[in-house]
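Position in the sequence shown (from 1) plus 221 gives the number in the numbering used here. Single-structure report; data block below.
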Amino acid sequence: MQPIHSPIPPEILELFIDEVGKKSEKLEFWATLQACALVSRVFRNRAHHHLFSSISFVQRPYSTPTRTLTRLWKFRELVHSGMNFAGLTGVLYHLRALALIIDGSIFDAYRILEDGDIAQLLRDVQVHSHSLESLTLQGSSYPIVWTNLTPTFRRALKDLCRSSPSMTTLNLENMVGVPNALLKGTNIRHVRFHYIEFEETQMAFGIFRDDLLNKGQLESIDIDYTFPFPQSNSLAKNYDECAMENYQSFFTGVKKLRYVLNRSDDLNHFVAVARSISGLETIELELSNLDNGFLRGTPLHLPLHELPHLHRLIIRHRTLVNIGMRHPLFKVMAILKSITLPKSLHTLELFFDVSARAPWTKPTHFFPDPKSWGMLDASLSQAQFHRVREVVMNLKYCPLLEKPWTFDEGVCSERSYEMFRGVFPLLSNSKSKRLDLNVTFCPGGGTMREEH
């Protein structure tokens, strides 16, 4: 009796490719998936799902724009060459996120954005990508002026935003003169606007009018001080109550607010924004290396108790915690001390970048100045946070100055958790709070999650 050979279900084959797509090493990831794409039609389609779901064109500092333009041209050629094969999906079919990040000079930025290939790529995405979810356009260190861009590029960008029903996220950074009607007719629900100035800046309600945006459309906003949200101290002087209520009605659907603090007085602006969005469920504050006036600019209190639906608070500091560099901890503690928490808040999450030192055997190797970390432990254990049921600590270790062969990620992950319990004894032994620790490493390290 001859054995019966049944084909392997496509779902199983796709599962194989999905496991390959989980590889952390990018070069190995790309090489393996490219090889898989040549095996069969099923392998090709699934491999392309991982290879082309997120495409980024990045102009690095001090690099010539020619390299980015060449990559744009090659990608367009790849897109068009794959459109003529019957029964096979094209590259853009798998596209979910498209990003253009220009980190070079302002001259490089205009040279790239004025090139015909980028506008044509946006047109191709509009026609052939039916699952695009996110679009990112990040300018250089100097602001890009919207009106200085070519009409072809501006029209292609607007059309893409308005004709892609699946596109729900728009990220813009470092641009001025952005048209008030950019969100008109779109399905965009999540915006990230950093260092963005809209046209007619003297009109505080410019982009939030009934004819430009649907009320309740936005679900999350990621902003900084440049966002056109009226300051609380100017509302009573310049706007009547009806106008302000109509303005705030555009934010009734916002559940998450992420605010990046860049200046010493940004907390005041953040408070004005947060208090005007009563439906917030999650707030994330990101601190940069602010000047010494930060603590003086901190309000007497952050009245988050006025937000009855808030259940998660995230605070992130981007400055490396190192020996002699403790101010990120003190600034976070200053904010925590100033907060009046609502009864609904049950999760507090903190992010820190930390310097790790060899030989990674003592607490100070993982927690520079353990006493300062102990002060944070004491702050989080005060009665002020008695309603908090979960504290999540996210630590990204940077052993950048160490020789790579002296570093073992697995061993360091284990030891960091052991040291963590000793540095945070109050939280570790708390019976009312669950303590989670997430450990990552830079550059390119893996992650580990532990629970208490």
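Ideal Cβ placement from N, Cα and C applies to all residues, glycine included.
Rounding to the nearest angstrom, what Cα-Cα distance links GLY398 and PRO364 in this structure?
Using only the alpha carbons, I get a separation of about 10 Å.
Around the Cβ of LYS171, are there at least 16 other Cβ atoms within 10 angstroms (buried) or fewer (exposed)?
This structure leaves residue 171 out entirely; the chain is present only between 222 and 673.
Can you grab the Cα-Cα spacing for the pair LEU456 / ALA493, in whole Å?
The pLDDT assigned to LEU456 is 43, lower than 50, so where the model puts this residue is not dependable, and the model offers no usable value.
Between ARG265 and the rest of its own chain, which residues show a CB-CB distance below 6 Å, the 5 nearest in sequence each way excluded?
So the qualifying residues of the chain are ALA258.
Residue range of the beta strand (DSSP E) that SER441 falls in?
Unbroken beta strand (DSSP E) run through SER441: 441 to 444.
Check whether the Cβ atoms of ASP574 and CYS619 sit closer than 8 Å, and answer yes or no.
Closer than 8 Å, so yes.
Give the straight-line distance between the Cα atoms of ARG359 and ARG430, rounded to the nearest whole angstrom.
Inspection of the sequence shows that residue 359 is occupied by Gln rather than by Arg. The straight-line gap from Cα to Cα measures roughly 26 Å.
When the Cα atoms are used, what is the spatial distance from ARG496 to HIS490?
So the alpha carbons of these two residues sit roughly 10 Å apart.
In the DSSP assignment, the beta strand (DSSP E) including GLN359 goes from what residue to what residue?
Here the beta strand (DSSP E) through GLN359 covers 355 to 359.
Which two residues bound the contiguous beta strand (DSSP E) that contains ASP657?
Looking at the DSSP string, the run of the beta strand (DSSP E) that includes ASP657 is 655 to 662.
If the criterion is Cβ atoms closer than 8 Å, does the pair HIS404 and LEU433 meet it?
Residue identity check: residue 404 is Leu in the sequence provided, not His. For LEU404 and LEU433, yes; Cβs fall inside 8 Å.
Using a threshold of 8 Å, state whether the C-beta atoms of ASP345 and LEU293 are closer than that.
Cβ atoms of ASP345 and LEU293: not closer than 8 Å.
Let me check understanding here. Comparing Cα to Cα, which of GLU466, LEU290 and THR285 lies closest to ILE339?
The candidate whose alpha carbon is nearest that of ILE339 is LEU290.
Can you tell which of ILE556, THR407 and THR287 has its C-alpha closest to the C-alpha of LYS379?
The residue with the shortest Cα to Cα distance from LYS379 is THR407.
CA-CA distance, ILE333 and LEU656?
Roughly 47 Å separates the two Cα atoms.
Can you confirm whether the segment 551 to 569 touches the segment 580 to 591 when touching is taken to mean that 3 or more C-beta pairs between the two stretches lie within less than 8 Å?
No: fewer than three Cβ pairs fall under 8 Å.
Among ARG267, LYS583, ARG610 and ARG281, which one has its Cα closest to the Cα of ARG642?
Measuring from the Cα of ARG642, the nearest candidate turns out to be LYS583.
Quick check for students: name the residue ranges of the beta strand (DSSP E) that lie wholly in the segment 542 to 586, counting only runs of 3 or more.
With a minimum length of 3 residues, the continuous beta strand (DSSP E) runs that stay inside the segment 542 to 586 are 568 to 576.
Would you mind working out which of ALA318, LEU616, GLU505 and ARG547 sits nearest HIS270, comparing C-alpha positions?
Selected option, being the one with the closest Cα: ALA318.
Buried or exposed: which applies to GLN347, given that a residue is buried once 16 or more other Cβ atoms fall within 10 Å of its Cβ?
Label assigned to GLN347: buried.
If we require 4 or more residues per run, which alpha helix (DSSP H) segments fall completely within the segment 356 to 441?
You should have 372 to 384.
Quick one: measure Cβ to Cβ for MET596 and LEU658, integer angstroms, because I've assumed they're closer than 8 Å.
Contact flag wrong, Cβ pair sits at about 18 Å.
For ASP598, which of SER275, PHE551, GLY474 and GLU298 has the nearest alpha-carbon?
Nearest C-alpha to ASP598: PHE551.
Take GLY325 and list the residues in its own chain whose beta-carbon comes closer than 8 Å to its own, dropping the five residues that flank it on each side.
GLN280, ARG281, PRO282, TYR283, SER284, PRO286 and SER361.
From the DSSP secondary-structure annotation, give me the bridge partner or partners of LYS523.
Here residue 523 is Leu; the residue named in the question, Lys, does not match the sequence. Note: LEU523 sits in a beta bridge opposite ILE560.
Out of SER274, GLY500, MET640 and LYS564, which has the shortest C-alpha to C-alpha gap to THR675?
For the chain, the structure presents residues 222 to 673; residue 675 sits outside this window and is missing.
Just how far apart, CA to CA, sit ARG376 and MET554?
Looking at the two C-alpha atoms, the distance is approximately 47 Å.
Are GLU502 and LYS477 close, meaning C-beta to C-beta below 8 Å?
Taking 8 Å as the Cβ cut-off, GLU502 and LYS477 qualify as a contacting pair.
As an exercise, report each continuous alpha helix (DSSP H) stretch of at least 4 residues that is fully enclosed by the segment 283 to 339, in chain order.
286 to 302 and 327 to 334, all fully within the segment 283 to 339.
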